[in-house]
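Q: I am attaching a structure below and will ask some questions about it afterwards.
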Amino acid sequence: MILIRSIRAGRRSIGSSSLYSTSSSASFSSAASIEAERTIREGPRNEWSRDEIKSIYDSPLLDLLFHGAQVHRHAHNFREVQQCTLLSIKTGGCSEDCSYCPQSSRYDTGLKAQRLMNKDAVMEAAKQH
Ligand code: SF4
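Residues 20 to 148 in my numbering are what the sequence shown spells out, letter by letter.
What follows is the structure, encoded as structure tokens:
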């Protein structure tokens, strides 16, 4: 487990909320550092208050980057990158009109429409990547 500490004696970070501030001038922890440490210790949570979110949002930028990276590295191998491939299983000929999309049949975009791929072809394409 990674231990996260951002308590700096005698310094106070700029832009931090009072929600996580300590009254002592000798130490200070940003909301980013406190919540990162808690997340690593207890896991993610989903019952945030607006003040808590604001406190994290208002944490010093470098604290956010540092502690965000700590949480990310706790949950993921930082040397691994997940690669994804988009496969259009049906191209063009769409009956909708989303204005920006060349797949809508309502516009002449030069796109060559293709029928819906069958499941086996989709599975084969997925295995190749
Ligand atoms: S027009 Fe494009 S974005 Fe809109 S529903 Fe059709 S495919 Fe999707």
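Idealized CB from N, CA, C, for every residue including glycine.
Given the structure is predicted, the values throughout are model-derived calculations rather than measurements.
Using a threshold of 7 Å, is the CB atom of GLU115 nearer than that to any non-hydrogen atom of the ligand MG?
A: As far as ligands go, the structure on display features the ligand SF4 and does not contain the ligand MG.
Q: So, at 7 Å on beta carbons, what are the nonlocal neighbours of SER123 in its own chain, with the 5 sequence-adjacent residues on each side left out?
A: Counted from its first residue, the sequence shown places residue 123 at position 104. Around SER123: CYS113, GLU115, ASP116 and CYS117.
Q: Express the C-alpha separation of GLN102 and ILE59 in angstroms, rounding to a whole number.
A: Translated into positions along the sequence shown, residue 59 becomes position 40. Translated into positions along the sequence shown, residue 102 becomes position 83. Those two C-alpha atoms are separated by around 25 Å.
Q: How about ALA94 and ILE75: do their beta carbons lie closer than 8 Å?
A: By 1-based counting over the sequence shown, the position of residue 94 is 75. By 1-based counting over the sequence shown, the position of residue 75 is 56. The answer is no: Cβ separation not under 8 Å.
Q: With distance defined between alpha-carbon atoms, name the residue in ILE53, SER107 and LYS131 nearest to ILE72.
A: Counting from one through the sequence shown, the residue named residue 72 turns up at place 53. If you compare the alpha carbons of ILE53, SER107 and LYS131 with that of ILE72, the shortest gap goes to ILE53.
Q: Just to check, is the beta-carbon of GLN122 closer than 7 Å to a non-hydrogen atom of the ligand SF4?
A: The residue given as residue 122 occupies position 103 in the sequence shown. Yes, the Cβ of GLN122 comes within 7 Å of a heavy atom of the ligand SF4.
Q: Report buried or exposed for LEU48, applying the criterion of at least 16 other Cβ atoms within 10 angstroms of its Cβ.
A: On the sequence shown, residue 48 is found 29 positions in, with the first residue counted as 1. Before going further, note that residue 48 is Ser rather than Leu in the sequence given. That one is buried.
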